[in-house]
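Protein chains in written order, with the working numbering: chain A, -11 to 133; chain B, -11 to 133; chain C, 221 to 622; chain D, 221 to 622.
We put the beta carbon where it would ideally sit given N, CA and C, even for glycine.
As structure tokens, the structure follows; a few thoughts come after it.
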Ligand SMILES: Cc1ncc(COP(=O)(O)O)c(C=O)c1O
Ligand SMILES: Cc1ncc(COP(=O)(O)O)c(C=O)c1O
């Protein structure tokens, strides 16, 4: 079970992908997008150190990323994540909006990479094979199999 | 001792480098130079099979080359050589003209590669590091040390 | 109809030497302009080091490099780009296989290597065998220069035969093996199959999934691409089991003096800064090749080769080595007591470029009883005139030397 | 006076992105036009496979390739071109050393590896050590980031210390080692010395004979040359003693199933078709660099670096790692609780390219107590404006993120 304090965030519940898409699309420059990601990161709780254990660390990222995932009683996937980078944490907010509190099949048919690309943010995907955002999404999807 | 039948050639004795330079320089095209080399090769004796032993084979050439060298009583170096390629044998005739029957010190100060280059024949030198004509000349010079 | 003149115009070197008749294509091919342009464009607009890039140029470089991997995967019809490892060339790819897949073998295991392999597909296995106490089973060829399938069946039935190293097509005599049948036989005996496709890729379609081979390698420079790049395809199931080979940056996950953890495949097989621009050039070449009518290219090459061998058979004293039913557009020749090297020199004086030597296939040359041959190898930019002129000069030369 | 504007104009990529401030030079440098031209000219006028060529194009290619070897030998002041081996890069060169020179070591022997080595100069030795039961002695660094010479003396005095792996200059914190003193110490103890010059060659003069080192490696792409090419210098005495590593064409003399004889050095270390065009590009880069006023380039870089570190020290919250007396024009930074990656993203949005991460030097980062740093690395085409702008954006970014 994921500690509830880690789940105290609006992404995937009160904040939807549609809303985020509009905000991101309005941020025209990279500068503006970076700022937006930093803002989003502030709405994700900082994990207390005791939860940042090796077993929930996602490897191969340029910053440290911790991720926990679980299935709630009603069949929804719960996801919590943290990073020591603000921008990565902002990206994690996007990931959570797509994957947190969603019914399983909704997520399986969702193309998160395509969605990011449409926002002009593929640079966060291509840093490396098996690294960064792609590694995070892959970790989520693998755990669900 | 080198069997005398292998030494029955005019190169380095009746034919000199000066003469050969003039003939080669007169052969303007590569075609003409190739023909000349074939002609020269005919003046070098074909070695009987029993002399073509592994110990006198020069390795790393595009054709098979056999080389024997010895010092005569009067301090001159005697060189004999054969190849299964006519053109290489023609080149061996050039080598013999430079190295056969010459006093040791005359040869040591002679720049055979430069001489060949001046004839526009460096292509026979550059085939490869430690291959071809260069390997032959190096073998001769090494044996003399 | 295939327009060879238009095709040829895409190759700057051939334009630079209008008189040149380049018939040494099995050694390396010339490069089309679009490949040179792609490599240059990479350096002028995307050059950065790949992976872990926190800036846009690094992202562009990574996209170019990983995009090249995707292109290679499509070219070979690999199931996933993760199965593609970039190397310096076919030789390094085969060394990589011997040093990684080879580590799965145990003392006493046997590696079947055909007699017509290029040294690149023999020496790495020999070195491995010596290190790990394996044995090499030399697989014979038939009189026409094809793999002896009966002997292959015998070898595969041996309980310790674990790996088969075989070329798709021979660089020395041109035989195209029945590689599908060979891969099928090998798989039925649970024998791993490493296919050396260095000579095949520029001419024949390749589908690694259809072949069902475990490994397939080739060099860029023989398929209209730059030097310094090659490919090892390794089937995912095998890839997951093999250790790394070279160590360094990129291939590790964590490094400490107390011990090192390696990255996940294929990353753990690519140590250090890869040949980025060369991978981009390779992708450009493969993309360009896929855009051609490859059947028409092959038909053109085959017709030229027919013309060549018909002509050769009409010249007294010419011996053609290798009479396989399916051959690359390549002919290996000897001329009785006239040395191939001499013939090549006279061809060269007429600007006809061919290769002479053992073609890095000494065991095959020994089996054929020759020490050197003259190899004429065609590519799609060669013309009927090239072949006719080569035949004419060859005939004159033999006349003169005889 | 050094004219940076004129110098910069020689780099097409920098002209293509006039706004770009490229400060990731330790990862890879941009390429001057003459290097791209040389590589292209090779493909358009000399492309053929090297060695054993019976035709003029093969001779031209061989001359270009072997001429490149001569150029590298002159650049390093090697006693002979035979001591130069071409590889894909520094990483492959170090793997080659570990797999050839490393084979001269016996179980129980010790390899000294400094704590600030790039993974490329650590992992191959670790892999070797595991295979051959050797031990690695991790050589510490001083607080300022230099090799601890006192500890080195202790290590060298150990009876089984056989090989020292050391970098000329650190890619992660920029320290330039007193490599002459280190090589002298090592030689006095009959310890072999392998110097990783990947970061040094673009900035510092190198003279392997003066150093008296046994091995020296570098990558082309970090010294204004193409990707896919690198160099291992191996002193002739050592070269004559070492076995081959990769097997294939070119590196053999005779091949038979009954056994294989290798070519003489350095040929036996270059298996297969080499990266020919890339060697030509490297030679063009080294020739071009030698034609520059290298002292003026270095003075320019040093002045910029002074400007950079002065500016950095004036920005609150910036920590500079590595305070060696002699440093490359490179600064590794952390920012308290602000993550280097975030800073780099904001720099990138302003077209300033820097690198973030462990810089393939995790043991060093561990010693420094950090997991990631932001690295600004300069080359001679950078300008005072580049540095000023980087400082301004950095200060704003930290302001915003704090
Ligand atoms: C059949 C075959 N295999 C392997 C190789 C080795 O390729 P490379 O020299 O490009 O590594 C060649 C090239 O000569 C070849 O023809
Ligand atoms: C000091 C040092 N050594 C070795 C390397 C490895 O070089 P390459 O990745 O070009 O093989 C690098 C490059 O990152 C380096 O900076």
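Inset, instruction - Starting from the C-beta of residue 291 of chain C, find all residues in its chain whose C-beta is less than 7 Å away, skip the five residues before and the five after it, and write them out in chain order. - result: 503, 506 and 507
Inset, instruction - Report the neighbours of residue 76 of chain B on chain C: residues whose CB is nearer than 9 Å to its CB, in chain order. - result: 559, 561 and 562
Inset, instruction - Decide yes or no for the touch test of the segment 36 to 48 of chain A against the segment 552 to 564 of chain D: beta carbon pairs closer than 8 Å, at least 3 of them. - result: no
Legend entry - Per-residue burial, residue 487 of chain D [other beta carbons within 10 Å of its own, 16 or more giving buried]: buried
Inset, instruction - Could you name the residues of chain D that residue 47 of chain B contacts, counting a contact when the two beta carbons are closer than 7 Å? - result: 473
Legend entry - Inter-stretch contact at 8 Å, needing at least 3 Cβ pairs: the segment 334 to 347 of chain C / the segment 570 to 589 of chain C: yes
Legend entry - residue 423 of chain C beta carbon near ligand 1 (any heavy atom closer than 6 Å): no
Legend entry - Which residues DSSP lists as bridging residue 188 of chain C, in chain order: Residue coverage of chain C in this structure runs from 221 to 622, which leaves residue 188 of chain C outside it and unanswerable.
Legend entry - Inside the segment 258 to 334 of chain D only - alpha helix (DSSP H) runs reaching at least 4 residues: 276 to 296 and 310 to 320
Legend entry - Range covered by the beta strand (DSSP E) that runs through residue 356 of chain C: 355 to 359
Inset, instruction - Could you work out which residues of chain A lie near residue 565 of chain D, taking near to mean beta carbons separated by less than 7 Å? - result: 22 and 75
Legend entry - DSSP state of residue 363 of chain C mapped onto helix, strand, coil: coil
Legend entry - Spatial distance of residue 325 of chain C from residue 586 of chain D (CA atoms): 37 Å
Inset, instruction - Leaving out five residues on either side along the sequence, give the residues of the same chain with a beta carbon under 6 Å from the beta carbon of residue 203 of chain C. - result: Examination of residue 203 of chain C is not possible in this model, given that chain C is present from 221 through 622 alone.
Legend entry - is_contact[residue 428 of chain D, chain B] using C-beta, thresh 7 Å: no
Inset, instruction - Output, in chain order, the set of chain C residues within a Cβ distance shorter than 7 Å of residue 265 of chain D. - result: 233 and 236
Legend entry - Under 8 Å from the C-beta of residue 592 of chain D: neighbouring residues of chain A: 50 and 51
Inset, instruction - Would you kindly work out how many angstroms separate the C-alpha atoms of residue 60 of chain A and residue 4 of chain A, rounded to a whole number? - result: 19 Å
Legend entry - CA-to-CA distance, residue 312 of chain C to residue 82 of chain A, given in whole angstroms: 42 Å
Legend entry - Proximal residues to residue 227 of chain D (C-beta, below 7 Å), its chain only, five neighbours per side dropped: 600 and 601
Legend entry - Min CB distance residue 279 of chain C to chain A below 7 Å: yes
Legend entry - Residue(s) in a DSSP beta bridge with residue 110 of chain B: None; residue 110 of chain B has no bridge partner.
Inset, instruction - Please list the partners that residue 54 of chain B has in chain C, where partner means a Cβ-to-Cβ separation under 8 Å. - result: Near residue 54 of chain B there are no residues of chain C at all, since even the closest Cβ is about 13 Å away, more than 8 Å.
Legend entry - Pair within 7 Å by beta-carbon distance, residue 495 of chain D and residue 448 of chain D: yes
Legend entry - Inter-stretch contact (C-beta, 8 Å, three-pair minimum) for the segment 263 to 270 of chain D and the segment 243 to 255 of chain C: yes
Inset, instruction - Closer than 7 Å, Cβ to Cβ, to anything on chain C: give me those residues from the segment 78 to 112 of chain A, in chain order. - result: 111
Inset, instruction - Starting from the C-beta of residue 355 of chain C, find all residues in its chain whose C-beta is less than 7 Å away, skip the five residues before and the five after it, and write them out in chain order. - result: 330 and 349
Inset, instruction - Evaluate residue 475 of chain D with the Cβ neighbour count: other Cβ atoms within 10 Å of its Cβ, from every protein chain shown; 16 or more gives buried, anything less gives exposed. - result: buried
Inset, instruction - Kindly indicate which three-state DSSP category residue 41 of chain B falls into: helix, strand or coil? - result: coil
Inset, instruction - Have a look at D/452, D/423, D/403 and D/440 and flag the residue whose alpha-carbon is nearest the alpha-carbon of residue 430 of chain D. - result: D/403
Inset, instruction - Look at the alpha carbon of residue 453 of chain D and the alpha carbon of residue 441 of chain D, and state the distance between them as a whole number of angstroms. - result: 17 Å
Legend entry - Cα-Cα separation, residue 128 of chain A to residue 55 of chain A: 8 Å
Inset, instruction - Kindly indicate if chain A contains any beta-carbon less than 7 Å away from that of residue 612 of chain D. - result: no
Legend entry - Cβ pair residue 345 of chain C, residue 377 of chain C closer than 7 Å: no
Inset, instruction - Taking residue 404 of chain D as part of the alpha helix (DSSP H), name the residues at either end of that continuous run. - result: 399 to 408
Inset, instruction - Give the interface partners of residue 373 of chain D over in chain B, defined as CB-CB distance under 7 Å, in chain order. - result: Neighbours of residue 373 of chain D on chain B: none; closest Cβ ~41 Å, over 7 Å.
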